[in-house]
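>
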Amino acid sequence: MNPKHSKIEALKQIALDAGAIVREGYFANKTITHKGTVDLVTQYDVATEQFILPRLAQLFPEYTLVGEESHQGNYDNAFERVIYIDPIDGTTNFIHGVPHVAVSIGVYERGIGVMGVVYNPILDELFWAVAGAGAYLTLNDTTTRLQVSAQSELQQSLIATGFPYSKVNQGEAFEWVLAGMRQILPNCRDIRRLGSAALDLCYVARGTFDGYYEIALKPWDYAAGVLIAQEAGALITDVHGALIEFSNNSVIAANSQIHAQILTALHPV
21 MNPKHSKIEA LKQIALDAGA IVREGYFANK TITHKGTVDL VTQYDVATEQ FILPRLAQLF
81 PEYTLVGEES HQGNYDNAFE RVIYIDPIDG TTNFIHGVPH VAVSIGVYER GIGVMGVVYN
141 PILDELFWAV AGAGAYLTLN DTTTRLQVSA QSELQQSLIA TGFPYSKVNQ GEAFEWVLAG
201 MRQILPNCRD IRRLGSAALD LCYVARGTFD GYYEIALKPW DYAAGVLIAQ EAGALITDVH
261 GALIEFSNNS VIAANSQIHA QILTALHPV
């Protein structure tokens with residue numbers, strides 16, 4: 021393995037240790053504040069990110085660190101080397117006791133994923149990938165290599181998606197989501213909206229979901245998950261079929277056949 025990828029074990033340990041903070045908070049009383057009308061943050065989001073940042077700075081001193089709770093200014097493809105951190109992806113789930121939450125850390129160089137870790141500390145699912153070396157799930161002390169679903173028919177597929185925070189304003193993104201549901205829902209087995217982009221992408225990698233699409237994302241939402249899904253065989257583009265750039269803020273992830281059918285269904289949207 022390339023020496024720069026030898027840091028994956030340390031990165032996994034950071035996610036595991038951060039997950040212990042999340043797990044403690046999941047079962048505790050929480051102080052909730054609002055970043056927007058429905059965009060929530062707890063003291064555990066902040067504490068987890070504050071735990072992660074200095075450890076990443078020590079492990080990757082040459083990288084810019086962009087965390088959900090501490091970022092300032094630009095956070096798209098402008099950085100030569102960058103790590104995107106979401107301390108708790110799925111904060112609303114975290115607050116309400118829904119065990120679909122994750123620590124997400126994605127390492128990128130010149131817009132290309134190098135390694136990524138997504139850890140659900142409630143279910144103890146550790147997803148991770150290194151570019152060119154595959155994607156893996158460590159669960160119950162067993163590590164297995166991930167492979168996307170072989171499903172070829174959208175009509176037989178379970179598809180995941182998400183809703184933007186801007187839905188409360190019922191603007192352009194809200195209308196896009198409704199139009200997309202009208203196109204996808206009648207043409208697939210069913211749709212799931214579980215509330216964590218990072219885990220949705222990992223579940224595509226695992227073959228649990230046959231595909232996933234979403235708009236209005238931030239880089240920390242899906243940087244790690246995109247690499248994990250890609251290393252498991254997923255085709256990854258934005259919702260217009262273009263290569264992923266974090267300034268595009270959208271994603272489709274699936275095997276090539278389901279991806280094409282999702283893209284075709286969304287094309288009129």
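Letter by letter, the sequence shown follows residues 21 to 289 in the working numbering. Quick reminder that beta carbons are idealized off the backbone N, C-alpha and C, glycines included.
1) What is the DSSP secondary structure of Ile264, counted as helix, strand or coil?
2) Among residues of its own chain, excluding the 5 on either side of Ala151, which ones have a beta-carbon nearer than 8 Å to its beta-carbon?
3) May I ask you to report which of helix, strand or coil DSSP gives Arg202?
4) Look at the alpha carbon of Gly45 and the alpha carbon of Ala38, and state the distance between them as a whole number of angstroms.
5) Using DSSP bridges, identify the partner residues of Asp210.
6) Which residue comes first and which comes last in the alpha helix (DSSP H) that contains Ser276?
7) Going along the chain, which residues of its own chain have a beta-carbon closer than 6 Å to the beta-carbon of Leu255, five neighbours each way excluded?
8) When DSSP labels each residue in this structure, what does Asp241 get in the three-state scheme?
9) How big is the Cα-Cα spacing for Asp258 and Tyr223?
10) Taking only three categories from DSSP, how would you classify Thr257?
11) When you compare only the Cα positions, how much space is there between Phe47 and Val138?
12) Whole angstroms are fine: how far does the CA of Asp106 sit from the CA of Glu69?
13) Under the DSSP definition of a beta bridge, which residues are partnered with Arg165?
14) Among Trp196, Thr53, Asp230, Val127, which one has its Cα closest to the Cα of Thr112?
15) Ignore the nearest five residues each way along the sequence and tell me which others in Gly215's own chain have a CB closer than 8 Å to its CB.
16) Assuming Ile204 and Ala285 form a contact by the criterion Cβ under 8 Å, report the distance between their Cβ atoms to the nearest whole angstrom.
17) Exposed or buried, which one is Ala199 when buried takes at least 16 other CB atoms within 10 Å?
18) Can you have a look at Leu143 and say buried or exposed, based on whether 16 or more other CB atoms are within 10 angstroms of its CB?
19) Can you give me the C-alpha to C-alpha distance between Asp65 and Val197, rounded to a whole angstrom?
20) Mind listing, in chain order, the continuous beta strand (DSSP E) runs of no fewer than 3 residues lying wholly within the segment 67–151?
21) Going by DSSP, what residue range makes up the alpha helix (DSSP H) through Ile28?
Here's the rundown:
1) coil
2) His25, Ile132, Gly133, Val134, Met135, Leu247, Glu251.
3) helix
4) 11 Å
5) Leu178
6) Unbroken alpha helix (DSSP H) run through Ser276: 276–286.
7) A distance below 6 Å between beta-carbons, with the five flanking residues on each side excluded, links Leu255 to the following residues of its chain, in chain order: Ser276, His279.
8) In the three-state reduction of the DSSP assignment, Asp241 falls in the helix class, which pools H, G and I.
9) When rounded, the distance between both Cα atoms is 18 Å.
10) strand
11) 20 Å
12) Distance between the alpha carbons of Glu69 and Asp106 is about 8 Å.
13) Assignment of beta-bridge partners to Arg165 by DSSP yields Tyr156.
14) Thr53
15) Gly110, Thr112, Asn113, Val118, His120, Gly182
16) 5 Å
17) exposed
18) exposed
19) 27 Å
20) 84–87, 101–109, 122–129, 132–140, 145–150
21) 28–46
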